[in-house]
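Chemist: One structure is given below, represented as structure tokens, and several questions about it will come after.
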């Protein structure tokens, strides 16, 4: 346990709005009297300390990516020219919704072949029905009946082949009542358009991804583990993710993947955490900090610790120090700082649960301490 600093800064509210001054009490303590207005201007805020359970964790930096299991790269199956675009970046789209319309010669030829196959099938079916009726009355020979039956089966097979050809081009066979070369490019899943390359008049083929649609309700937090951290991280481990945009909030998640191969260039192991993002606040490519519960955390007993906001700690003569509000005054208290947890720091010694520390305005107090010390030297 580090010894608590012997120097105490006493700050009490003065009477009648008098400005701050300092004096010695019995030659042992300095005291600053401040008006309420001065305290408000200093932006002083307090936080009551509470013991919190802490488990062994691994903290890594990470980047937010789209969930590749919920992402679709959308390209036409056949070359065509873009005639219209109905989706833009950031649009929420439904499964099956048309994103663009293309005109393709190959689709036109396949549609024409399907139309011809349908006509031939109708004729062959009618001939077969007539032959079956005549054969039942023994008007035609068995040979003529079998020929009509074979022609009907051949026409039916040709029709199925024409339908399959159009379907393989990405066009439902029932969508073409006649000959048509224009077809919609649709989204296979519900999500958000995160990439768009479609331009009216542009040519596009199977190798050209015109859109990328991603379901952003679940995201991947991609991190890299050092070799020394690998033994502590397991698939299924609980994790919390923090980002600069929401410094006071942690997003819960779980480790879903730890790579089996070490990156020889970075000497690190890729890992992935999956988090819910139903409200859409987390954005792709944000930098994040991930805190992962270690593999030994389940077996190890949890320990209670005291933590303070990072902004509560200042250096006084090279010693980490906080200001504690006690008996109407602010006491300068030396502490032993431990590991960081997000935007907070564990305090190994120097503070107790139930005490009130200055969580904002600490630097204003430090400045007044230094000013009073300078004044004492003159």
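Numbering (the working numbering), first residue to last: 3 to 380. A virtual CB, placed ideally from N, CA and C, is assigned to each residue, including glycine. As the structure is a computational prediction, the values presented were derived from the model and not from experiment.
At the level of alpha carbons, what is the spacing between residue 156 and residue 111?
Modeler: Approximately 21 Å between the Cα atoms of the pair.
Chemist: Which of helix, strand or coil does DSSP assign to residue 226?
Modeler: It is a strand residue.
Chemist: Using DSSP's beta-bridge definition, name the partner residues of residue 208.
Modeler: Paired residues: none, contrary to the question.
Chemist: If you check the beta carbons only, do residue 228 and residue 270 fall under 7 Å apart?
Modeler: Cβ distance < 7 Å, so residue 228 and residue 270 count as in contact.
Chemist: Between 310, 312, 219, which has its C-alpha nearest residue 278's C-alpha?
Modeler: Among 310, 312, 219, the Cα nearest to that of residue 278 is on 219.
Chemist: Run through DSSP, which three-state label would residue 83 get?
Modeler: Reduced to three states, the DSSP call for residue 83 is strand.
Chemist: Does the pairing of the region 68-82 with the region 138-151 give three or more beta-carbon distances under 8 Å?
Modeler: Result no; under three Cβ-Cβ pairs closer than 8 Å.
Chemist: Between which two residues does the beta strand (DSSP E) containing residue 105 stretch?
Modeler: First-last of the beta strand (DSSP E) with residue 105: 100-105.
Chemist: To which residues of the same chain is residue 212 closer than 8 Å at the C-beta, ignoring the five residues directly before and after it?
Modeler: Here the set comprises 76, 77, 78, 84, 101, 102, 187, 198, 199, 200, 206.
Chemist: Mind checking residue 163: buried by the 16 CB within 10 Å criterion, or exposed?
Modeler: It is exposed - the Cβ of residue 163 has fewer than 16 other Cβ atoms within 10 Å.
Chemist: To the nearest angstrom, how far is it from the Cα of residue 316 to the Cα of residue 289?
Modeler: Each residue's alpha carbon lies about 27 Å from the other.
Chemist: In the DSSP output, which residue or residues are listed as bridge partners for residue 389?
Modeler: It is not possible to answer for residue 389, since the shown part of the chain is limited to 3 through 380.
Chemist: So is residue 230 buried or exposed if we call it buried at 16+ other beta carbons inside 10 Å?
Modeler: Answer is exposed; the Cβ neighbour count stays below 16.
Chemist: Using CA atoms only, rank isn't needed, just tell me which of 243, 352, 360 is closest to residue 49.
Modeler: Comparing Cα-Cα distances from residue 49 to each of 243, 352, 360, the minimum goes to 360.
Chemist: Taking only runs of the beta strand (DSSP E) that begin and end inside the region 238-271, which ones reach a length of at least 3 residues, in chain order?
Modeler: The region 238-271 contains these whole beta strand (DSSP E) runs: 240-245, 253-260.
Chemist: Can you give the beta carbon distance from residue 307 to residue 314, rounded, assuming they're within the 8 Å contact cut?
Modeler: At roughly 15 Å, the Cβ-Cβ gap does not stay under 8 Å, so residue 307 and residue 314 are not in contact.
Chemist: State the Cα-Cα distance for the pair residue 51 and residue 353, rounded to the nearest angstrom.
Modeler: Each residue's alpha carbon lies about 8 Å from the other.
Chemist: Taking 7 Å as the threshold (C-beta atoms), are residue 268 and residue 252 in contact?
Modeler: In this structure, residue 268 does not lie closer than 7 Å to residue 252 by Cβ.
Chemist: Taking the continuous beta strand (DSSP E) assigned at residue 1, which residues delimit it?
Modeler: For the chain, the structure presents residues 3 to 380; residue 1 sits outside this window and is missing.
Chemist: What's the C-alpha gap between residue 33 and residue 327?
Modeler: Because residue 33 carries a pLDDT of 49, less than 50, the predicted location of this residue cannot be relied on, and the following value inherits that uncertainty. Their backbone Cα atoms lie some 13 Å apart in a straight line.
Chemist: Beta carbon of residue 295, beta carbon of residue 239: below 7 Å?
Modeler: Yes, these two residues count as a Cβ contact at 7 Å.
Chemist: Helix, strand or coil: how does DSSP classify residue 14 here?
Modeler: Since pLDDT at residue 14 reaches only 39, below the 50 mark, its modelled position is unreliable, and the value read off the structure follows with that caveat. It is a strand residue.
Chemist: Starting from residue 187, trace the beta strand (DSSP E) both ways and give me its first and last residue.
Modeler: First-last of the beta strand (DSSP E) with residue 187: 184-188.
Chemist: In three-state terms, what does DSSP make of residue 297?
Modeler: Coil at residue 297, not helix or strand.
Chemist: What are the boundary residues of the alpha helix (DSSP H) that includes residue 56?
Modeler: No alpha helix (DSSP H) contains residue 56, which is instead part of the beta strand (DSSP E) from 54-56.
Chemist: Quick one: grab the DSSP three-state call for residue 350.
Modeler: Note: residue 350 maps to strand in three-state DSSP.
Chemist: Should residue 69 be labelled buried (16 or more other beta-carbon atoms within 10 Å of its own) or exposed?
Modeler: Buried: at least 16 other Cβ atoms inside 10 Å.
Chemist: On a CA-only basis, which of 312, 340, 345 is nearest residue 292? Give me that one, please.
Modeler: Checking every option, the nearest Cα to that of residue 292 belongs to 345.
Chemist: By alpha-carbon positions, which one of 372, 348, 173, 335 ends up nearest to residue 53?
Modeler: Of the candidates 372, 348, 173, 335, the one whose C-alpha sits nearest the C-alpha of residue 53 is 348.
Chemist: Check the C-beta distance from residue 321 over to residue 336 and give it rounded, since I have them as a contact under 8 Å.
Modeler: With a Cβ gap of about 5 Å, residue 321 and residue 336 count as contacting.
Chemist: Check whether the region 129-138 touches the region 105-121, taking contact to mean three or more Cβ pairs, one atom from each stretch, closer than 8 Å.
Modeler: No: fewer than three Cβ pairs fall under 8 Å.
Chemist: Buried or exposed for residue 173, going by 16 or more other Cβ atoms inside 10 Å?
Modeler: It counts as buried.
Chemist: Going by other Cβ atoms of all chains shown within 10 Å of its Cβ, with 16 needed for buried, is residue 364 buried or exposed?
Modeler: Buried, since its Cβ has 16 or more Cβ neighbours within 10 Å.
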